[in-house]
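Colleague:
In full-length UniProt numbering, the protein residues as written are 1 to 102.
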């Protein structure tokens, strides 16, 4: 099994790499429809979702899911201890945007 936390190779193929990172972190109670639309056509949506579930990320849209949807999936998804007590993991989308600009 591939440890997605240690293998970021799939991230370079994300449809989000050219999108505004803020799109994936809407304010509480704001719809995430635009981010979810980007995810629908993403070739690495499954890997992205698996990563978010593996690390217990509970902020933002990952793998075409909202935090609420991932919390529901987390009940049955074996993963590492939750990181939900920490700050949002906003650096990945910013890293992707910077990579796309190069």
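We put the CB at the ideal spot given by N, CA and C, even for glycine.
Keep in mind the model is a prediction, meaning the values are calculated, not measured.
1) When you compare only the Cα positions, how much space is there between residue 61 and residue 42?
2) From residue 11 to residue 73, what distance separates their C-alpha atoms?
3) Residues in its own chain within less than 7 Å of residue 32 by CB, not counting five upstream and five downstream?
4) In terms of residues, what are the limits of the alpha helix (DSSP H) holding residue 54?
5) To the nearest angstrom, report how far apart residue 16 and residue 55 are at their CA atoms.
6) What residue from 69, 22, 48, 39 has the CA that sits closest to residue 9's CA?
Modeller: According to the structure data:
1) 13 Å
2) 21 Å
3) 26, 61, 66
4) 45–55
5) 19 Å
6) 48
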